[in-house]
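Numbered per my numbering, the sequence shown spans residues 7 to 198. What follows is a short report on a single structure.
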Amino acid sequence: MRFKPLLLCLVASLALASQLSADILTTAANNNGLAGAGSGVYFDLTNETGAALTIQSIQTSVFALAAGDPVTADIWVRDDSYVGNDASSAGWTLLGSVGGTASANTFGTFGFLTDFDMPDYLLGAGQTNGFAIFTDFGIAYTGTGANPPQDTWTDGSLTLFGNQATGTAFSGTGFSPRTFSGSITYTAIPEP
């Protein structure tokens, strides 16, 4: 008799898991970047839905030496926008130092596309949080050319805004407009 509640719980868990399909927000392909340890980009993520979202991974191009190289990214987050908060790590929390492997592909003309499977991060309904990603080799971004780059992308559920890159984490000496180039993988958390 004890198996019936366990079976019902398992069926409910499987039904919930099938509802949690991942979505991907993708920005523009890169056209430049900064080489060197500690180079990175800042951006905001805004949850446009009425339910929480789980941010699961970040994919971007890095300046590794060759495809197959192990790469590390430090992913930082704060409870409000990165704008005006890039000169110091005060108010930022290190979400994790995440490893990845540089692939043979790129997303644009620079670097090696790398997936960083970060610790899941809960972004509440209507919430905007600042993110910063710094790698041990450097990072590719969009931001050079005759016209200013697009700095905001949305799929209706998640919006990314970013226009700042730096050669040194939280140095305050940055390059703008420079925008995150890559994708953010996330899932919506269904209401109970």
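Glycine is no exception: its CB is placed at the ideal position from the N, C-alpha and C atoms. Given the structure is predicted, the values throughout are model-derived calculations rather than measurements.
Considering only the alpha carbon of each residue, which of the options lies closest to residue i?
{"i": "Leu31", "options": "Arg184, Phe167 and Tyr48", "result": "Phe167"}
{"i": "Phe140", "options": "Ser27, Leu59, Ala35 and Val83", "result": "Val83"}
{"i": "Ser94", "options": "Phe113, Ile195 and Thr174", "result": "Thr174"}
{"i": "Gln156", "options": "Ala43, Ser45, Gly44 and Phe49", "result": "Phe49"}
{"i": "Phe137", "options": "Phe113, Ser177, Phe186 and Asp121", "result": "Phe186"}
{"i": "Leu101", "options": "Ala194, Ala35, Tyr127 and Trp159", "result": "Tyr127"}
{"i": "Leu40", "options": "Phe69, Ser189 and Thr115", "result": "Phe69"}
{"i": "Leu164", "options": "Leu119, Ile190 and Thr179", "result": "Ile190"}
{"i": "Val47", "options": "Thr66, Ile61 and Gln62", "result": "Thr66"}
{"i": "Ser27", "options": "Gly42, Thr112 and Thr60", "result": "Thr60"}
{"i": "Asp86", "options": "Ser63, Trp98 and Thr78", "result": "Trp98"}
Have a look at the DSSP bridge pairing and note the partners of residue i.
{"i": "Ser109", "result": "None; Ser109 has no bridge partner."}
{"i": "Val68", "result": "Phe118 and Ile145"}
{"i": "Phe49", "result": "Phe137"}
{"i": "Asp123", "result": "Ser63"}
{"i": "Ile195", "result": "Answer by DSSP bridge pairing: none, since Ile195 is not bridged."}
{"i": "Asn91", "result": "Bridge partners of Asn91: none, in fact."}
{"i": "Trp82", "result": "Leu100 and Ala138"}
{"i": "Asn36", "result": "Gly114"}
In this structure, does DSSP put residue i in helix, strand or coil?
{"i": "Phe186", "result": "strand"}
{"i": "Ala58", "result": "coil"}
{"i": "Gln170", "result": "strand"}
{"i": "Gly162", "result": "coil"}
{"i": "Phe176", "result": "coil"}
{"i": "Ala28", "result": "strand"}
{"i": "Pro76", "result": "strand"}
{"i": "Ala43", "result": "coil"}
So residue i and residue j are in contact, right, with Cβ under 8 Å, and what is the actual spacing, rounded?
{"i": "Ala146", "j": "Asn53", "result": "Not quite, the Cβ-Cβ distance comes to about 26 Å (not below 8 Å), so this is no contact."}
{"i": "Phe118", "j": "Val104", "result": "Not quite, the Cβ-Cβ distance comes to about 16 Å (not below 8 Å), so this is no contact."}
{"i": "Asn38", "j": "Phe116", "result": "6 Å"}
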